[in-house]
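Visitor:
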Amino acid sequence: MVTPDRRRSLAGSVLTKTIYIIFTERTYRKAPQKPPSSVLINGLNPDTIQVTWRYVQPTLEEEPIKGYKVRVWESDQDMSTANDTIIEIGNTLEAHITKLTPGKVYKLRVLAYSNGGDGRMSSPAKTFQMGSPELFLTNTASKNSAVCLSFVLLLRLYGII
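Read left to right, the sequence shown gives residues 404 to 564 (the numbering used here).
(1) Spatial neighbours of residue 440 within its chain, please: C-beta separation below 6 Å, excluding the five flanking residues on both sides.
(2) Would you report the Cα separation of residue 510 and residue 493, rounded to the nearest angstrom?
(3) Using alpha carbons as the reference points, say which of 475, 534 and 503 lies closest to residue 488.
(4) Which residue wins for smallest C-alpha separation from residue 529, given the options 514, 460 and 465?
(5) Is residue 508 buried or exposed, if buried means 16 or more other CB atoms sit within 10 Å of its CB?
(6) With a floor of 4 residues, list each alpha helix (DSSP H) that falls wholly inside the segment 449-504, ordered by position along the chain.
(7) Quickly, what does DSSP pair residue 446 with across the bridge? List them, please.
(8) Would you kindly report the start and end of the unbroken beta strand (DSSP E) that includes residue 523?
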């Protein structure tokens with residue numbers, strides 16, 4: 404049987420428990436409207452690149468920028484398969500993208516994001532390949548075949564053959 408003192412004690416412990424409520428943040432301002440500019444890609448080693456860009460200055464109608472996303476995907480895939488590397492504001496405007504496969508062709512875009520959402524992406528997408536295609540051909544005959552094929556394609560492009 405619960406005594407009146409025990410009831411009071413139980414009620415007090417229930418009332419003092421902390422309840423956490425998660426609120427989603429609502430904003431009335433826009434996502435960044437300008438894309439990052441001057442996007443440059445530098446190869447650091449066979450599987451890593453360094454990406455740099457220029458800062459995006461938000462207007463009064465836009466939310467303050469929280470950071471940047473560097474979006475990378477294989478060129479033969481859809482952009483929905485891209486991996487984002489997030490760089491928070493306050494860090495340098497550069498990212499190191501690692502674990503890229505030598506010989507594969509990739510595409511890359513940079514965007515700013517805020518509480519208003521993802522901003523506009525740098526345009527056009529930068530296309531790059533890890534390493535030189537010639538380095539992935541194993542013998543001289545293959546290299547010569549690649550050069551001949553490239554030459555034939557150029558001749559066709561210009562309507563010579």
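Ideal Cβ positions, reconstructed from N, Cα and C, are used throughout, including at glycine.
A quick note: this is a predicted structure, and the numbers were derived from the prediction, not measured.
Guide: On the basis of the coordinates in this document:
(1) Stepping through the sequence shown from its first residue, residue 440 is reached at position 37. Excluding positions up to five away in sequence, the list reads 457.
(2) Residue mapping note: residue 510 aligns to position 107 of the sequence shown, counting from 1. Residue mapping note: residue 493 aligns to position 90 of the sequence shown, counting from 1. About 26 Å.
(3) If you number the sequence shown from 1, residue 488 lands on position 85. Per the C-alpha coordinates, the member of 475, 534 and 503 positioned closest to residue 488 is 475.
(4) Translated into positions along the sequence shown, residue 529 becomes position 126. Measuring from the Cα of residue 529, the nearest candidate turns out to be 514.
(5) Taking the first residue of the sequence shown as 1, we reach residue 508 at position 105. By the neighbour-count definition (other C-beta atoms within 10 Å, threshold 16), residue 508 is an exposed residue.
(6) Within the segment 449-504, no alpha helix (DSSP H) run of at least 4 residues lies entirely inside it.
(7) By 1-based counting over the sequence shown, the position of residue 446 is 43. Assignment of beta-bridge partners to residue 446 by DSSP yields 452.
(8) Position 120 of the sequence shown holds residue 523. Residues 520-524.
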